[in-house]
Amino acid sequence: MAQSFSSFDDAAQSLLDAAVDPMLWNDAMARVASFAGATGAMLIHTKSPRPVIPYSSSIAEAIEGYFREGWNHRDERVRGLPFMRRNGFFVDQDYLDRDELKTSPYYRYLQRFQINWAAGIGVSTADEELALMIYFGDRHGFVDRKKMQSFMRLRPHIEAAALLSKNIAFANASGMIDAYQSLRCPSLLLDTTGVVIKLNQAAEDIIDDGLKLKHGIVSCERAEDTQSLKALISQICGNAGLAHQDVPLRLVVQRTAKGPLIVEGMRIEGMASAVFSSARAILLITDPSRTFQPTPAMLMRNVFGLTATEAMLVSHLEQGMALQAAADAMRISVQTARTHLKSVFFKTNTNRQSELLLSIRRLRQVV
26 MAQSFSSFDD AAQSLLDAAV DPMLWNDAMA RVASFAGATG AMLIHTKSPR PVIPYSSSIA
86 EAIEGYFREG WNHRDERVRG LPFMRRNGFF VDQDYLDRDE LKTSPYYRYL QRFQINWAAG
146 IGVSTADEEL ALMIYFGDRH GFVDRKKMQS FMRLRPHIEA AALLSKNIAF ANASGMIDAY
206 QSLRCPSLLL DTTGVVIKLN QAAEDIIDDG LKLKHGIVSC ERAEDTQSLK ALISQICGNA
266 GLAHQDVPLR LVVQRTAKGP LIVEGMRIEG MASAVFSSAR AILLITDPSR TFQPTPAMLM
326 RNVFGLTATE AMLVSHLEQG MALQAAADAM RISVQTARTH LKSVFFKTNT NRQSELLLSI
386 RRLRQVV
C-alpha cells in the first residue's frame with residue numbers, strides 16, 4: 026500500500042490547532058514529518074530549554090535515549106545555529122562533511138534511528154528562539170535546496186502558532202493570579218527563570234512587609250530565608266526533573282516586627298503551562314495572622330450538590346492551598362483529590378481551578 030502524506034495545508038493548520046490546544050503539539054509534529062516525508066519532527070527552544078518538548082511519536086525512542094545518554098550536553102547540531110540565525114535555516118552539510126559524519130559518535134547514534142540528516146527552521150519571537158527540526162535517515166538522504174524551500178513555507182505558520190500559544194497560556198496563568206486575588210491570597214506569577222512577571226494586589230500589599238521585590242526578583246528580610254526561597258524557586262521553575270513530583274514546596278519566612286509568612290510554590294500545569302508559555306510557577310503567600318473564612322460548606326453542598334468531601338476540598342483550595350497540601354490536610358492521596366476535583370468541576374460547570382474559585386466567590390457575593 027502506498028504511503029499517504031499530509032498536505033502542506035494539513036501541516037500548517039495542525040500548528041495553529043496545537044497553539045489553541047497544547048495536547049495536540051505532538052500530533053502537529055507528526056503531521057509536519059508526514060508532509061516532509063521525514064522520519065520525524067521536533068520543536069525546540071534553542072536558548073532556554075523547556076521541560077516540555079513536542080515531537081512526533083516516531084522518534085520517541087531516539088529522544089528518550091538522547092537525554093538518557095547525555096547527548097543533549099554534546100549535541101553537535103548546535104554548530105548549525107549560526108547558519109540558522111543568518112539564513113533562517115540550517116542543514117547538516119552546512120558545517121559537516123561526509124567523512125566527519127561517518128566517524129562522529131553522535132551521528133552514529135542518530136543513524137540508529139534514521140535521524141542522522143536534518144533540516145532546522147529558525148523562528149524568533151520577542152524573547153525566544155525556536156527551531157523546527159525535521160529529521161531524515163540514510164534512506165532519505167540529505168536535505169537539498171529544493172526540499173528546504175518547500176519546508177520554509179512552514180515558517181510563518183510556526184511564528185503565528187508560537188505567538189498565539191504564548192498569549193493564550195499567559196491569559197490562563199493570569200486568570201489563576203486573579204482568582205487568588207478574589208480570595209485575598211497574595212500570589213506571584215513566575216517565568217521560566219524565576220522572575221516575577223505578574224502579581225496581584227494582595228501580593229503588592231505584602232511587598233516590604235516581609236518580602237521584597239526588585240527587578241522581578243523576590244527576596245526576604247533575612248539572608249538565610251532568601252537563600253531558601255531561591256532554592257524553592259529554582260526547583261519549581263527549573264528544568265530539573267522532567268518527571269517532577271507533584272509536591273508543593275513550603276517555606277516559613279521570618280519577619281522582624283511581625284509573625285512569619287508561609288510561602289508555597291507550585292508548578293503550573295494544564296493549559297497555562299503550554300509549550301510556549303513564559304509562565305512556569307506561582308508563589309502563594311499566607312499570613313497566618315490574617316484570618317480568612319471560606320465559603321460555608323453547607324452552602325456549596327446545597328447550591329452545587331457537592332459531597333461533604335468535595336466541599337471540604339474546595340474550602341482548602343479557597344484558602345490558597347495547593348492540591349497536594351489540601352490532600353495532606355484531608356489525609357487522602359493527591360490522586361483521590363484530583364478525582365474529587367474533577368467531580369467538582371463537572372458539578373460547578375467549570376474547567377479550571379481559577380474558574381472554580383471565581384464561581385465560589387460569586388456565590389458568596391450573591392448570598
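Residue 176 in the numbering used here sits at position 151 of the sequence shown; the count goes up by one each step and never skips.
All C-beta atoms in this analysis are idealised placements derived from N, C-alpha and C, irrespective of residue type, glycine included.
List the residues that DSSP assigns as beta-bridge partners of residue i.
i: G147; result: A156
i: L286; result: V278
i: V45; result: V45 pairs with nothing; no bridge assigned.
i: I69; result: A156
i: V221; result: L215
i: W142; result: F161
i: R292; result: A306
i: I232; result: L236
Are residue i and residue j close, meaning C-beta to C-beta below 8 angstroms?
i: Q378; j: L324; result: no
i: A58; j: S32; result: no
i: I405; j: S212; result: Summary: the structure shown does not reach residue 405, with the chain confined to residues 26 through 392, and so no result is reported for it.
i: L388; j: T320; result: yes
i: A366; j: L348; result: Here the sequence assigns Leu to residue 366, which means Ala is not the residue at that position. Yes, Cβ-Cβ distance for L366 and L348 is below 8 angstroms.
i: L254; j: V220; result: no
i: L286; j: R280; result: yes
i: L383; j: M355; result: no
i: G62; j: F114; result: no
i: L236; j: V277; result: no
i: P55; j: S83; result: It is worth fixing the name first, because residue 55 is Ala in this sequence and not Pro. The answer is yes: Cβ separation under 8 angstroms.
Consult DSSP for residue i and reduce its assignment to one of helix, strand or coil.
i: T311; result: strand
i: M346; result: coil
i: Q270; result: A caution first: Q270 carries a pLDDT of 44, below 50, which makes its placement in the model unreliable, though a value can still be read off. Correct three-state label for Q270: coil.
i: L214; result: strand
i: I385; result: helix
i: R209; result: coil
i: S302; result: coil
i: L135; result: helix
i: F108; result: helix
i: F114; result: strand
i: S31; result: coil
i: I242; result: strand
i: F161; result: strand
i: Y80; result: strand
i: L331; result: coil
i: P130; result: helix
i: F167; result: coil
Measuring straight from C-alpha to C-alpha, what distance separates residue i and residue j?
i: M167; j: Q136; result: One detail in the question is off: residue 167 reads as Phe in this sequence, not Met. Roughly 12 angstroms separates the two Cα atoms.
i: D216; j: A306; result: 7 angstroms
i: E101; j: Y131; result: 7 angstroms
i: N374; j: R110; result: 47 angstroms
i: Y234; j: V369; result: The sequence shown places Asp at residue 234, rather than the Tyr named in the question. D234 and V369: Cα-Cα distance of roughly 36 angstroms.
i: G266; j: N327; result: Bear in mind that the predicted position of G266 carries a pLDDT of just 43, short of 50, making it unreliable; the figure below should be weighed with that in mind. Roughly 42 angstroms separates the two Cα atoms.
i: Y91; j: L155; result: 19 angstroms
i: E172; j: S302; result: The question names Glu, but residue 172 in the sequence shown is Lys. Cα to Cα, the separation comes out at about 31 angstroms.
i: E89; j: K127; result: 23 angstroms
i: I385; j: A336; result: 11 angstroms
i: A194; j: A304; result: 8 angstroms
i: D35; j: P107; result: 30 angstroms
i: R315; j: I232; result: 15 angstroms
i: L41; j: T71; result: 21 angstroms
i: R123; j: I69; result: 26 angstroms
i: Q38; j: Y160; result: 20 angstroms
i: E229; j: H182; result: 39 angstroms
Going along the chain, which residues of its own chain have a beta-carbon closer than 6 angstroms to the beta-carbon of residue i, five neighbours each way excluded?
i: R399; result: Because the chain spans 26 through 392 in this model, residue 399 falls outside it and cannot be assessed.
i: A44; result: A186, L189, S190
i: M158; result: M67, A143, G145
i: L224; result: L213
i: I261; result: G290, R292, A306
i: G241; result: V220, V221
Looking only at its own chain, which residues have a Cβ that is under 7 angstroms from the Cβ of residue i, when we skip the five neighbours before and after it?
i: G345; result: Y205, L208, C210, L309, T311
The ligand FAD and residue i: does the residue's C-beta get closer than 7 angstroms to at least one heavy atom of that ligand?
i: R377; result: This structure simply doesn't include the ligand FAD, nor any ligand for that matter.
Near residue i, what residues of its chain come up, given a Cβ to Cβ distance below 8 angstroms and the 5 sequence neighbours on each side ignored?
i: A282; result: none
i: G162; result: T64, Q136, F138, Q139, I140, N141, W142
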